[in-house]
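Working notes, beginning with the structure itself.
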Amino acid sequence: MPYEILEKKELGRSGTIYEMVLRTPLIAKKAHAGNFVLLRVNETGERIPLTVADYDREKGTITLVIQVVGKSTKLICNQNVGDQILDVVGPLGNKIHIKRYKNPIVVIGGGVGIAPCFPQAKELRDAGNEIITILGARNKGLLIWKEKMKTVSDELIITTDDGSEGMKGVVTDPLKQIMQKRKISLVIAIGPLVMMKYVALTTNGLGDLPKVKTFVSLNTIMIDGTGMCGCCRFSTLEGDIQFACVDGPDVDGHIVDFDNLLKRAGRFLEQERDSMECYDEECRALEQLKKEVI
Amino acid sequence: MKKKIEEDSKSSNSLSKRSKSKLTNSEELHRIEMKQQDPKIRITNFEEVSLGLTEEMVELETQRCLQCGKPLCISGCPVNIKIPQFINLLKEKNFIEALYKIKADNLLPAICGRVCPQETQCEQACILNRQGEPIAIGYLERFIADWERKNNLKECPECAAPKGIKVAIIGAGPAGLTCAGELAMNGYDVTIFEAFHAGGGVLIYGIPEFRLPKDIIKREIETLEMLNVKMEYNSIIGKILTIEDLRDMGFKAIFIGVGAGLPILLKIPGLSLNSVLSANEFLTRSNLMKAFRFPKYDTPVKIGKIVTVIGGGNTALDSARTALRLGAEKVIIVYRRSEAEMPARKEEYHHALEEGIEFQFLTNPVRFIGDDNDNVSQMEVIKMKLGEPDESGRRRPVRIEGSEYLIDTDTIIIGIGTRANPILTKSIPELKLNKWGYIETDENGQTNIEGIFAGGDIVTGSATVITAMGAGKKAAHGIVKYLQEKYLEKK
């Protein structure tokens, strides 16, 4: 089954974040907010999990947003419109629970994590909820999908680390302000582990602010994505083990042991670096060869 | 050919027939030994350990077979291969007919010849055990399958005329492949839906290259494709398609052979430390994703200096021997029972010993200990003794209090077993399961839902490749019977 890339565009001015639309009719038919796919670019590729950022059931497509962080993500981003991805498996993981809440929902997206917030905000807003969206990025150039998120938000707040757009600061600053002013039914946070950790600490009710149910989306290292390998497992603060692929990827942010998860996330750093170096070397050699031929 | 066997069967199956044999006494008592890669060399590569038999060896070994009138070996085989008949054909050097004879009952001889636990099945039943060693049935089966491969043949049995009835198989493991083959031979239009990007199930993600080359599985699947079996990879039923979708697509019967894929993890402190992983993860990385060829292949696998593997089955042994080949300086297997209770294939255990794997029997982990960066550095274990037999019939290991000690280790692989994966079964709420989440079936492999059959590990819990194949075959017969009664006889 071929999985063709139908659209590709660079997001922001980062040079590292891309949006891709893939033809995956069967997956598009079943995908919901919260689901992810596993993607393997070619025969020697690894299986990497990517959250479905949008889907179009009629056109039979899903949208993925990918940031280059290592060899595999670079390899995907080096593919172009018309190229085919060898394997796409999904939709995996649990879809989020959609219902009408009494009070507003705060949706927080950080960096490339903004993209998977979109279907969640959309499906929850379609169900009649008020959505307050907070988007955070290091700087204006790394801020993605601002306009798209606007279409599914009743209120949109932007923070950047350097103040180049919106408020200068981090996503928990406006979150705290909102929580002081209003009653909130639910917080959804998707982004870097550190961001999700601090959102969970803000809403866990152990400080001055009231406790608010908080979901975080875990994008751990995975292989099969069906609970078979346990590679994606995380520890709860009580010491229980859960699997991000089948118990998540959206899980109660207040039970996650983020400190352990942060250490687990880096366990292949050395190999990832080697892999990236080999790939860059390969790419350079290929460029050289092209030049020589021309 | 059949006639000759029948004539043979008139004679008694006593061992006195031996006198006719041209073999020396020692040759009569001892089976042929298969050539192997030198242990010192083989731990540096992923090539096959056992090198197969030569034609001369086959000639010697086949002469040892008594061609019993009431062959016990056939009933020892879960798929009832006509063992004496194929051995007799081999003896006559009629290799192609020998191949057909096996394939009539088992489409996957290259696999079974390598991974079946013959010592507890056909070979255990062999009457020669009473005087010496049993016929090396597994070796002979492998020889004929290798002969097919070497001669670039892909033989498949004759198929019945197409019946135009679609059957869906969920899972391309041993049960699913066998069921598919059986149904295709009976003229059914079969599609296999597989979650991974490659077929074979445990054969491809679980069993390492040095025990079962992946090229063999690829070829066996190609043989199925020659029987017009269609493969749909990357298709997790319950996610991308439901059972209802399959029915809407026109599938008249469905076979569930999704295995028991979930790893059982030890619930002891330190489980979330880095470099503590399930055998499933370790083996899937190395086998399916080919991490042993990193960085040519992108999936990494991390291996420490001292690797400790927990468990006594084939999975534990495969993990240990893979770790060794990936460069571990020392590999220790920790098993809570004794050598005698190990469920692993004997041959693999001997191979592991030859390769220098260290075994610590009657030893059970208590906790995993990590450093400041949450990397594992030690494992605390406790000595065990054998108590009264448990429900498995094996003596239950009991802790010897106060016998705890520490093992220095920087990688821990847990290979203590697997359980049912609920993804598919959860998507069919009306499907009857037992308390462990395995599917309940009747003697034909049929579940409580009409037209849905199941077999293999998802019914029995983790067992062997050949048991799953036997279940796949049985279910195929059940499906044939069901479809015939429902769709064919009425017409």
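As given, the protein sequences belong to chains A and B, one line each in that order. Going by our numbering, the first sequence opens with residue 1, and the numbers climb by one from there. Going by our numbering, the second sequence opens with residue 1001, and the numbers climb by one from there. C-beta atoms are modelled at their ideal positions from N, C-alpha and C, and glycine is treated no differently.
Secondary structure note for Asp250 (chain A): its beta strand (DSSP E) is the uninterrupted segment 250-252. At a cut-off of 8 Å between C-beta atoms, Phe268 (chain A) counts as an interface residue with respect to chain B. Of the candidates B:Tyr1100, B:Lys1093, B:Leu1108, B:Gln1063, B:Leu1108 places its Cα closest to the Cα of Ile1221 (chain B).
Put simply, the CB of Asn78 (chain A) is far from chain B, with every gap to its CB atoms at 8 Å or more.
By the 16-neighbour rule on beta-carbons within 10 angstroms, Lys1103 (chain B) is buried. Between the beta-carbon of Ala1291 (chain B) and that of Ile1413 (chain B) there is about 14 Å, and that puts the pair past the 8 Å contact cut. Around the C-beta of Ile294 (chain A), fewer than 16 other C-beta atoms lie within 10 Å, and the residue is accordingly described as exposed. Taking 9 Å as the upper bound on Cβ-Cβ separation, chain B lies near no residue of the region 193-211 of chain A. For Leu38 (chain A), the enclosing beta strand (DSSP E) has its first and last residue at 36-40.
For the set A:Ile134, A:Glu282, A:Glu46, A:Leu143, the Cα lying nearest the Cα of Val152 (chain A) is the one of A:Ile134. Between the C-alpha atoms of Leu1099 (chain B) and Glu1061 (chain B) there is a straight-line separation of about 17 Å. Ser1377 (chain B) counts as buried, since at least 16 other C-beta atoms from the protein chains shown sit within 10 angstroms of its C-beta. Straight-line spacing of the CA atoms in Met1379 (chain B) and Ser1275 (chain B) works out to 12 Å. The region 23-41 of chain A makes contact with the region 120-136 of chain A, as at least three CB pairs between them are under 8 Å.
Gly111 (chain A) sits in a helix when the DSSP states are folded into three classes. Contacts with chain A at 8 Å (Cβ-Cβ) include Arg1285 (chain B).
Residue contact check for Thr1425 (chain B) against chain A: no CB pair falls below 8 Å. Between the alpha carbons of Glu1158 (chain B) and Gly1455 (chain B) lies a distance of about 25 Å. Listed in chain order, the beta strand (DSSP E) elements of length 3 or more contained wholly in the region 37-78 of chain A are 48-51, 54-56, 61-67. Taking 8 Å as the CB threshold, Gly1261 (chain B) lines the interface with chain A.
Counting every other CB atom within 10 Å of its CB across the protein chains shown gives Ser1050 (chain B) a total of 16 or more, marking it as buried. Chain-ordered listing is empty here: chain A has no CB closer than 8 Å to the CB of Asp1410 (chain B), the nearest sitting near 12 Å.
The alpha-carbon of Lys1093 (chain B) is positioned some 26 Å away from that of Met1226 (chain B). The contact set of Asn1280 (chain B) on chain A, defined by CB atoms closer than 8 Å, consists of Met228, Cys229, Gly230 in chain order.
Considering only beta carbons, the part of the region 1192-1203 of chain B lying closer than 9 Å to chain A consists of Ala1195, Phe1196, His1197, in chain order. Chain A has no Cβ within less than 8 Å of the Cβ of Asp1038 (chain B). According to the DSSP assignment, Phe1193 (chain B) belongs to no alpha helix (DSSP H) but to the beta strand (DSSP E) extending over 1189-1193. Checking the DSSP bridge columns, you'll see Gln84 (chain A) partnered with A:Glu4. When C-beta distances to chain B are compared with 7 Å, every residue of the region 150-184 of chain A stays at or above that value.
Interface with chain B (8 Å Cβ-Cβ cutoff): Thr44 (chain A) is included.
For secondary structure counted as the alpha helix (DSSP H) over 4 or more consecutive residues, the region 1157-1220 of chain B holds these complete runs in sequence order: 1174-1185, 1202-1205.
DSSP, read as helix, strand or coil, puts Pro1078 (chain B) in coil. Residues Glu1354, Glu1355 of the same chain have their beta carbon placed closer than 6 Å to that of Pro1039 (chain B), with the five preceding and five following residues left out of the count. Put simply, the CB of Pro1174 (chain B) is far from chain A, with every gap to its CB atoms at 8 Å or more.
Taken in chain order, the members of the region 1292-1308 of chain B whose beta-carbon sits within less than 9 Å of a beta-carbon on chain A are Arg1293, Phe1294, Pro1295, Lys1296, Tyr1297, Asp1298, Thr1299, Pro1300, Val1301, Lys1302.
Val1229 (chain B) has its alpha-carbon roughly 40 Å from the corresponding atom of Glu1341 (chain B).
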